[in-house]
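> Sequence lines, in order, name chains A and B. For the first sequence, the working numbering gives the first residue as 1, with consecutive numbering after it. For the second sequence, the working numbering gives the first residue as 1, with consecutive numbering after it. Quick one: the structure is below, and I'll ask about it shortly.
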Amino acid sequence: MSILEVKNIHKSFGRTEVLRGVDFTMERGEVLVILGSSGSGKTTLLRCLNFLETADKGRIFVDGRLIFDADNKQKPTRAEIRERQLNFGLVFQSFNLFPQYSALENVMLAPKLLAKERADFKRSKTAIYDEIEKNAAALLEDVGLKDKMNNYPCELSGGQQQRVSIARAMAQDPKILFFDEPTSALDPELTGEVLKIIRSLAAERKTMVIVTHEIEFARNVADKIVFMSEGVIVEQGAPEEVIDDPKHERTRAFLNKLSM
Amino acid sequence: MDRLPEVTSSLVGGFEYNCVIFFCTLVMAIPLGLVITFGSMSGFKPLKWLSKTFVWIIRGTPLMLQLFVVLYAPGLLFDIPIKSRMTAVLIAFVINYAAYFSEIYRGGIESISKGQYEAGQVLGLTKTQVFFKVVLFQVIKRVVPAMGNEIITLVKDTSLARIIGVTEIIMCAERFTKQGLIWPLFSTGLFFLAFCGILTLLFGYIEKKLDYYKG
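This is the structure in structure tokens:
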């Protein structure tokens, strides 16, 4: 069964149709890279999948379960919203770390708040919090920030901040991790450290959807590449097919422009 | 100067009123301001309109006039006169300051980037959790300088209570003026200076405490 199935997603802002029917599926452990020029709808697609925007039309299935249906006008309950949100993690282009919390606190915040809803929370609060802290520290160690745990975001470089935000997204153990141009806000010499972390997640078979402009990175991390243009997917396939032997005129034009 | 003890005790007695007005206004206007902010930022149009009109009227008329209105209007319009002048003063001050505070809060809340809310949402936080655990603290840090300014203004505004006959410090001093003694009136400035000096230090301390992060 596919871990993610996206069917016929449409989204307009006013009169502008940004997404005009996007369909794709992905399997567990797969890394999907979305390419496309700016304005092609990549970011809007990611935002619709993460419920930061509500799609006008379409359905989303996770593990075969319908978690979003634009035709269902019934308002989801708070518990339903949270449950469907927790399927996904999102790493933003601009990090969006919480500035008043240290790196460790940034990673722990959401798990701690979620733990309050556990039935055994009152009885074993200390044990639960210890567990969360251990897990958060391990995640920060995985992204190479063991000695920066107690630093605040303003004391970290852009690359380090983005690595904290990857650890923060991982802390909720999402089924699928989304990246919205994770290196676009970084100085060129800092992109490497972030891409390295994403590559190591790919090696661990983490299911990921990545929007990026780093073609070489896309080629060696992606299992499948999707090329978007004007709100639809015009071409998809293995990296060597889409990048090295594009069938569609617009894909060719886009890749030419990038390699120039 | 031989009347120094008498003058001092009279002025201290008067300044107690100023302090009561100050503290009561703060304690009530700070939360009430937040309620008005939520009104002004509400998606529910009538509530938003109501809050904005309220803020416009309160900020658009003198506090001195508002004191008279609160004192006389209930008696004239509804035949239920306000019993204590102090109550009238507190009502007028709380309403007036809540309106100003609400605009400061609104500015603070609107200055927080959308990304903070979105980051909270994708981590599965509820809207309430996002506000209290992510946004509120950042808002507090941003509004402290403006609030400090407004609160220092409040210290001095308390002397307006005199206009409807509450015997605050300046009114006390004027009794001596009528007896031909002018220095008590001038010396009331020392009370205000000392009070504002303490507040300035306090706000400096708070700002420094909140300065452990940038952003």
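Ideal Cβ positions, reconstructed from N, Cα and C, are used throughout, including at glycine.
(1) What residues of chain B sit near A110 of chain A, judged by a beta carbon separation below 7 Å?
(2) Checking contacts by CB at 8 Å: is F98 of chain A closer than that to chain B?
(3) Write down the C-beta distance between D244 of chain A and V211 of chain A rounded to the nearest angstrom, noting that I regard them as a contact closer than 8 Å.
(4) So, is the C-beta of A119 of chain B closer than 8 Å to a C-beta in chain A?
(5) Would you call the region 157-175 of chain A and the region 100-120 of chain A touching, i.e. three or more CB-CB distances under 8 Å?
(6) Compile a chain-ordered list of the residues in the region 129-163 of chain A whose CB is closer than 8 Å to at least one CB of chain B.
(7) How would you list, in chain order, the residues of chain A whose beta-carbon sits under 7 Å from the beta-carbon of K209 of chain B?
(8) Within its chain, find whatever has a CB closer than 6 Å to the CB of F61 of chain A; leave out the 5 residues flanking it on each side and keep chain order.
(9) Which whole-angstrom value describes the C-beta separation of V22 of chain A and I9 of chain A, a residue pair presumed to lie in contact below a C-beta threshold of 8 Å?
(10) Just verifying my parser: in three-state terms, what is the DSSP assignment at A8 of chain A?
(11) Would a check of beta-carbon distances place R82 of chain A closer than 8 Å to chain B?
(12) Pick helix, strand or coil for T128 of chain B, following the three-state DSSP scheme.
(13) In chain A, what lies closer than 9 Å to G108 of chain B by C-beta?
(14) Which one of A:Y101, A:Y129 and A:K134 has the shortest CA to CA distance from Y152 of chain A?
(15) At what residue ranges does the region 51-133 of chain B contain a whole run of the alpha helix (DSSP H), taking only runs of 4 or more?
(16) Excluding sequence positions up to five away, which residues of its chain have a Cβ less than 8 Å from the Cβ of F271 of chain A?
(17) Below 8 Å on the Cβ atoms is my contact criterion, and I expect K52 of chain B with S42 of chain B to pass it. Report the Cβ-Cβ distance as a whole number of Å.
(18) Give the residues of chain B in contact with R59 of chain A, contact being defined as C-beta atoms less than 8 Å apart.
(19) Rounded to the nearest angstrom, how far is the Cβ of V226 of chain A from that of F24 of chain A, given a contact under 8 Å?
(20) Determine the chain A residues that contact K133 of chain B at a beta-carbon separation under 8 Å, and present them in chain order.
(21) Would you say G89 of chain A reaches chain B, if we count a Cβ-Cβ gap shorter than 8 Å as a contact?
(22) What residues of chain A sit near F44 of chain B, judged by a beta carbon separation below 7 Å?
(23) Sort B:I206, B:M171 and B:T37 by Cα distance to V217 of chain B and report the nearest one.
(24) Who are the Cβ neighbours of S40 of chain A in its own chain at under 6 Å, not counting the five residues just before and after it?
(25) Whose C-beta lies closer than 6 Å to the C-beta of R85 of chain B among residues of the same chain, with five residues either side of it excluded?
(26) Locate the beta strand (DSSP E) running through I67 of chain A, then write down its first and last residues.
(27) Is the beta carbon of V134 of chain B closer than 8 Å to that of Q116 of chain B?
(28) Considering just the uninterrupted stretch of the alpha helix (DSSP H) at R47 of chain A, what are its terminal residues?
(29) Is it buried or exposed for Y252 of chain B, if we count other Cβ within 10 angstroms and need 16 for buried?
(30) Measure from the alpha carbon of M147 of chain B to the alpha carbon of each residue in B:L11, B:E207 and B:A73, then state which is nearest.
(31) Look up K224 of chain A in the DSSP assignment and say whether it is helix, strand or coil.
(32) Between which residues of its own chain and N96 of chain B is the CB-CB distance below 7 Å, once the five residues before and five after are set aside?
(33) Just the C-alpha distance for A119 of chain A and E80 of chain A, rounded to the nearest angstrom, thanks.
(34) Looking at the structure shown, is Q281 of chain A part of a helix, part of a strand, or coil, going by DSSP?
(35) How far does the alpha helix (DSSP H) with I166 of chain A in it reach, from first residue to last?
Looking at the coordinates:
(1) Indexing the first sequence from 1 puts residue 110 of chain A at position 110. L123, G124 and L125, listed in chain order.
(2) Here residue 98 of chain A refers to the residue found at position 98 of the first sequence. Taking Cβ atoms only, chain B reaches closer than 8 Å to F98 of chain A, which makes this a yes.
(3) Position 244 of the first sequence, counted from the first residue, corresponds to residue 244 of chain A. Position 211 of the first sequence, counted from the first residue, corresponds to residue 211 of chain A. Between D244 of chain A and V211 of chain A a beta carbon distance of about 20 Å is seen, past the 8 Å cut, so the two are scored as non-contacting.
(4) Within the second sequence, the letter at position 119 stands for residue 119 of chain B. Contact with chain A is found for A119 of chain B, since one of that chain's Cβ atoms lies less than 8 Å from the residue's Cβ.
(5) Output reads yes: the region 100-120 of chain A touches the region 157-175 of chain A.
(6) For the region 129-163 of chain A, which is checked against every Cβ of chain B, the residues closer than 8 Å are Y152, P153 and C154.
(7) For the purposes of this step, residue 209 of chain B is taken as the residue at position 209 of the second sequence. Within 7 Å Cβ-Cβ: nothing; K209 of chain B doesn't reach chain A, min ~12 Å.
(8) Numbered from its first residue, the first sequence carries residue 61 of chain A at position 61. Counting only Cβ-Cβ distances below 6 Å, and skipping sequence neighbours, we find E5.
(9) Indexing the first sequence from 1 puts residue 22 of chain A at position 22. Indexing the first sequence from 1 puts residue 9 of chain A at position 9. Sure, about 4 Å apart at Cβ, within 8 Å.
(10) Here residue 8 of chain A corresponds to residue number 8 of the first sequence, with the count starting at 1. Per the sequence presented here, residue 8 of chain A reads as Asn, with Ala not at that position. Correct three-state label for N8 of chain A: strand.
(11) The sequence position of residue 82 of chain A within the first sequence is 82, counting from 1. Interface residue, yes.
(12) To locate residue 128 of chain B, count along the second sequence from 1; it is residue 128. DSSP places T128 of chain B in helix when its eight states are reduced to three.
(13) Translated into the one-based positions of the second sequence, residue 108 of chain B becomes position 108. Correct list: empty, because the minimum Cβ distance to chain A is about 14 Å.
(14) In the first sequence, the residue the question calls residue 152 of chain A occupies position 152. Checked all of A:Y101, A:Y129 and A:K134; the closest Cα to Y152 of chain A is A:Y101.
(15) The region 51-133 of chain B contains these whole alpha helix (DSSP H) runs: 63-78, 85-110 and 114-122.
(16) It is not possible to answer for residue 271 of chain A, since the shown part of chain A is limited to 1 through 260.
(17) Here residue 52 of chain B is taken as the residue at index 52 of the second sequence, counted from 1. Here residue 42 of chain B is taken as the residue at index 42 of the second sequence, counted from 1. Going by Cβ atoms, the distance from K52 of chain B to S42 of chain B rounds to 10 Å, so no, they are not a contact pair.
(18) As a position in the first sequence, residue 59 of chain A is number 59, starting the count at 1. Per Cβ cutoff of 8 Å: no residues; R59 of chain A is ~20 Å from chain B at best.
(19) Residue 226 of chain A sits at position 226 when you count from the first residue of the first sequence. Residue 24 of chain A sits at position 24 when you count from the first residue of the first sequence. The Cβ separation is near 6 Å, so the contact holds.
(20) Within the second sequence, residue 133 of chain B is the residue found at index 133, counting from 1. Per Cβ cutoff of 8 Å: L109 and L113.
(21) Sequence index remark: in the first sequence, residue 89 of chain A carries index 89 (1-based). Interface flag for G89 of chain A against chain B is set, since a Cβ pair is found closer than 8 Å.
(22) Taking the second sequence and counting its residues from 1, the one referred to as residue 44 of chain B is at position 44. Those within 7 Å of F44 of chain B in chain A number zero; the least Cβ separation is about 16 Å.
(23) Beyond the ends of chain B as shown, which are 1 and 215, falls residue 217 of chain B; an answer cannot be given.
(24) As a first step, residue 40 of chain A is located in the first sequence; it is residue number 40 there, counting from the start. Cβ within range, chain order: M228 and S229.
(25) As a first step, residue 85 of chain B must be located in the second sequence, where it is residue number 85. Taken in chain order, the residues that qualify are I164, G165 and V166.
(26) Counted from its first residue, the first sequence places residue 67 of chain A at position 67. R65 to D69 is the span of the beta strand (DSSP E), which, as asked, contains I67 of chain A.
(27) Counted from its first residue, the second sequence places residue 116 of chain B at position 116. Counted from its first residue, the second sequence places residue 134 of chain B at position 134. For Q116 of chain B and V134 of chain B, yes; Cβs fall inside 8 Å.
(28) For the purposes of this step, residue 47 of chain A is taken as residue 47 along the first sequence, with counting starting at 1. Note, R47 of chain A: alpha helix (DSSP H), K42 to L49.
(29) Any answer about residue 252 of chain B is impossible in this case: the structure gives chain B only from 1 up to 215.
(30) As a first step, residue 147 of chain B must be located in the second sequence, where it is residue number 147. Minimum Cα distance to M147 of chain B is reached at B:E207.
(31) Within the first sequence, the letter at position 224 stands for residue 224 of chain A. It is a strand residue.
(32) Counted from its first residue, the second sequence places residue 96 of chain B at position 96. Within the same chain, N96 of chain B has close Cβ partners I58, L63 and Q66.
(33) Your numbering for residue 119 of chain A matches position 119 in the first sequence. Your numbering for residue 80 of chain A matches position 80 in the first sequence. Roughly 18 Å separates the two Cα atoms.
(34) Examination of residue 281 of chain A is not possible in this model, given that chain A is present from 1 through 260 alone.
(35) Position 166 of the first sequence, counting from 1, holds the residue named residue 166 of chain A. Here the alpha helix (DSSP H) through I166 of chain A covers G158 to M170.
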